[in-house]
Amino acid sequence: MLSGTGPIFKTESRLRWRVRFDTRVVILLLASMTVSGIDAAGAQEREPWSISHSVFVGGELEGYLRNLQLLGESPLYPWSIRSFSAGEVEALAPNSSDHPWSHRFDFSAAEGTPLEFRIIAPQAELFYNSAFPYGHNDGAIWAGRGLTSSVRAGFFASAGPLSLTVAPVAFRSENRSFGLEPNGQSGKLRFQDPRSRKIDLPQRFGDDAYMRVDPGQSSLRLDLMGAVLGASTANQHWGPAVDYPLILGNNAGGFPHVFLGTSRPVDLWVGTVHTRIVWGRLDQSEFSPIQSGEDRRFASALVAVFSPAFLDGLEIGGARFFHTNWPSGGIDGDDLLTPLQGILKTNVGGGDADAAGENQIASVFGRWALPSSGVEVYGEYVREDHSYDLRDLTLEPDHISGYTLGLRKVWEVDDAEMVAMRAELSNTEISHLVQVRGQSALYEHSPVRQGHTQRGQVLGSYTGFGGGGSTLAVDWYTPEGRWSAFWSRALVDELAGERDVRHALNLERLMFRGGVEIEAGVTTVYEINRTPGKDAWNVNANLIGRYRF
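For the sequence shown, this note's numbering assigns the number -15 to the initial residue and increments by one for each residue that follows.
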């Protein structure tokens, strides 16, 4: 998994696909799904779909399970290391049928043979942006101006402790032109964001349509005796945040990696511990600041969560993520042990880590779920790089730092309806310490200059590099689907003379019709100072269809 990726995993816009993929394919898929769903809606009632194999990071079903946990319908379980395996989803299965989607989805373990094969519901998606690119927390997909279309499909297979998920995604962004903010560069670098002196974050992915085939949420794992070993390209989400995770989330596509850890929390009498260590490869976009030499990076990371036995629903933990120049002589034991090094620079050879091309980002986090009241509170604090020594750490713990805070409340209207409200705030602005000590923006690294990114998208919070964001959202679940609305504010650029701030207001509807799930939404976006002194409006619309066999 670490040695490279072939053409089946990466198709840049400059290559021609042998089979043309455009919006007509997606429209036909959506139309056929709708017709199938209308036919199925009038058919005889059937058993709920078994979906423990297809609960992915940031997906509809993952969020639904989190709400059920706060109602006491789903067992307490740490939420800060995801994605969940099929076995973990089965452990989270609701303990009753008193929830809105009980007649549609079955989260519990499949009965019968240990050999299992299931089709992952195929999905087709259309996204439209009227004026400029807009979209986040959607994995590998980049939604430029104009129409973006994508398809997903795959399967899950297991034999005892061994399981395989193949769930790729293919997308095409029309990538229509819009006014770029000048950055003083030419050639490919003119597409770079003006702020992106040391981060791979293009304003636009070239002049032509942007297309890729990505392995998506694919993984091979062995769960045995409480431990797990595997290889994956799936997204990981570390920490309890929803919209603004500071280390890892689903804003960018997953990266190829090998992982080792506990398959579920281990009981230590005083509490449980759940942990994972990861080694992988990060790639840059075609428009990265690095235009010659080695463009790969070696990623090594560690996350751990502790849940004390004496406080039900509490989880506390931390994570570290290292970017290292790809080892010219190959990966060795020292590279694999990087996440276990000391937290102070004096303990790792002073400035030698910088000279070797190594950057760290680390966080601590906590979440407290209170099913008795339907409430959860959570937070995460992030730091860039090592403190030089203990004195430096205690004097200025907020140097190049940020935080996310969140609150969620869930109500059960009756056995057939549920309402969830949440608020989340993230602040990663450069602190007041800049008056006496140099600071860079969060995710901006040196000498590893691609920043905390994968293929031109931020691995953590999509507002983390700009300066922060906030969200207010409400979801209303019924047996027929879901209504949702949210407002968000994103500080896109704190470094410009005039602050670039983006407000978004969204309304969304998910509908169940037999085997079909149709999701449609519209978002109005108003960006203040998109270019210096000039504001801009954008309308974002989406239409998503899934079909369950």
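All C-beta atoms, glycine included, are put in the ideal place defined by N, C-alpha and C.
From a predicted model like this one, the values you see are computed outputs, not experimental measurements.
Just to confirm my understanding: we take residue i, look at its own chain, exclude 5 residues before and 5 after, and list those with CB closer than 8 Å. What are they?
{"i": "F271", "result": "K172, L173, F175, Q176, D184, P186, F189, G190 and G440"}
{"i": "D296", "result": "L60"}
{"i": "E57", "result": "P78, N79, S80, D82 and H83"}
{"i": "T256", "result": "P62, P249, V250, F290, S291 and A293"}
{"i": "L324", "result": "L286"}
{"i": "D319", "result": "W263, F282, S284, T308 and P311"}
Tell me whether residue i sits in a helix, a strand or coil according to DSSP, three-state version.
{"i": "Y372", "result": "coil"}
{"i": "K172", "result": "helix"}
{"i": "Q275", "result": "coil"}
{"i": "Y48", "result": "helix"}
{"i": "V523", "result": "strand"}
{"i": "S202", "result": "coil"}
{"i": "H221", "result": "strand"}
{"i": "H37", "result": "helix"}
{"i": "L252", "result": "coil"}
{"i": "Q441", "result": "strand"}
{"i": "L54", "result": "helix"}
{"i": "G435", "result": "coil"}
{"i": "A124", "result": "coil"}
{"i": "D191", "result": "coil"}
{"i": "P178", "result": "coil"}
{"i": "N167", "result": "coil"}
{"i": "F162", "result": "coil"}
{"i": "F239", "result": "coil"}
{"i": "V458", "result": "strand"}
{"i": "D477", "result": "strand"}
{"i": "T149", "result": "strand"}
{"i": "G42", "result": "coil"}
{"i": "R30", "result": "coil"}
{"i": "Y510", "result": "strand"}
{"i": "I183", "result": "coil"}
Does the beta-carbon distance from residue i to residue j come in below 9 Å?
{"i": "N524", "j": "A127", "result": "yes"}
{"i": "N526", "j": "E46", "result": "no"}
{"i": "K393", "j": "A404", "result": "yes"}
{"i": "A288", "j": "V41", "result": "no"}
{"i": "G451", "j": "E396", "result": "no"}
{"i": "S468", "j": "G498", "result": "no"}
{"i": "W34", "j": "S80", "result": "Per the sequence shown, residue 34 should be read as Ser rather than Trp. No, the Cβ-Cβ distance between S34 and S80 is not below 9 Å."}
{"i": "S445", "j": "G453", "result": "yes"}
{"i": "S67", "j": "H241", "result": "no"}
{"i": "A115", "j": "A520", "result": "yes"}
{"i": "R129", "j": "E158", "result": "yes"}
{"i": "Y118", "j": "N411", "result": "no"}
{"i": "P152", "j": "F89", "result": "no"}
{"i": "G237", "j": "R260", "result": "no"}
{"i": "V135", "j": "R406", "result": "no"}
{"i": "S147", "j": "L204", "result": "yes"}
{"i": "R530", "j": "V500", "result": "yes"}
{"i": "A353", "j": "Q53", "result": "yes"}
{"i": "P224", "j": "E368", "result": "no"}
{"i": "G301", "j": "I502", "result": "no"}
{"i": "P145", "j": "L76", "result": "no"}
Please return the same chain residues whose Cβ sits closer than 6 Å to the Cβ of residue i, not counting the five positions on each side in sequence.
{"i": "L266", "result": "F239, R281, A283 and Q438"}
{"i": "A137", "result": "P106"}
{"i": "R102", "result": "H37 and F140"}
{"i": "E428", "result": "K182, I183 and G435"}
{"i": "T322", "result": "S284 and F306"}
{"i": "T507", "result": "A488, N490 and N524"}
{"i": "D198", "result": "A124, V153 and G237"}
{"i": "V458", "result": "M405 and A469"}
{"i": "W460", "result": "V403 and W467"}
{"i": "L164", "result": "Q187"}
{"i": "G264", "result": "F239, P240, H241 and A283"}
{"i": "A70", "result": "S36 and H37"}
{"i": "L409", "result": "L389 and S454"}
Compute every distance between the C-beta of residue i and the non-hydrogen atoms of the ligand SAM, then say whether any falls below 8 Å.
{"i": "G313", "result": "This structure does not include the ligand SAM; it has no bound ligands of any sort."}
Compare the C-beta of residue i against all C-beta atoms of chain D and say whether one is closer than 9 Å.
{"i": "Q438", "result": "Any reference to chain D falls outside this structure, which holds one protein chain only."}
Only counting the same chain, and skipping five residues up and downstream in sequence, which positions put a Cβ closer than 7 Å to that of residue i?
{"i": "N51", "result": "V394, M402 and A404"}
{"i": "A143", "result": "P98 and L99"}
{"i": "V150", "result": "G138, F139 and S202"}
{"i": "W310", "result": "E278, R280, R281 and F282"}
{"i": "A94", "result": "S34 and E100"}
Taking 8 Å as the threshold, find out whether the stretch 298 to 305 comes into contact with the stretch 218 to 233 through three or more Cβ pairs.
At 8 Å Cβ cutoff, the stretches touch.
For the stretch 417 to 427 and the stretch 376 to 391, state whether three or more C-beta atom pairs, one from each stretch, are separated by less than 8 Å.
With a cut-off of 8 Å, the stretch 376 to 391 and the stretch 417 to 427 count as touching, because enough Cβ pairs lie within range.
Segments assigned beta strand (DSSP E), at least 3 residues, entirely inside the stretch 278 to 345:
Segments of the beta strand (DSSP E) lying fully in the stretch 278 to 345: 281 to 292 and 298 to 309.
Where in the stretch 62 to 120 do unbroken runs of the alpha helix (DSSP H), each at least 4 residues long, occur, reported from the N-terminal end onward?
Entirely contained in the stretch 62 to 120, the alpha helix (DSSP H) runs reaching 4 residues are, in chain order, 70 to 75.
Those runs of the beta strand (DSSP E) which lie wholly inside the stretch 358 to 419 and span at least 3 residues
Correct list: 359 to 368, 385 to 398 and 401 to 411.
Determine, using beta-carbon pairs with one atom in the stretch 471 to 489 and one in the stretch 500 to 518, whether at least three such pairs fall under 8 Å.
Counting C-beta pairs closer than 8 Å gives three or more between the stretch 471 to 489 and the stretch 500 to 518, which meets the contact rule.
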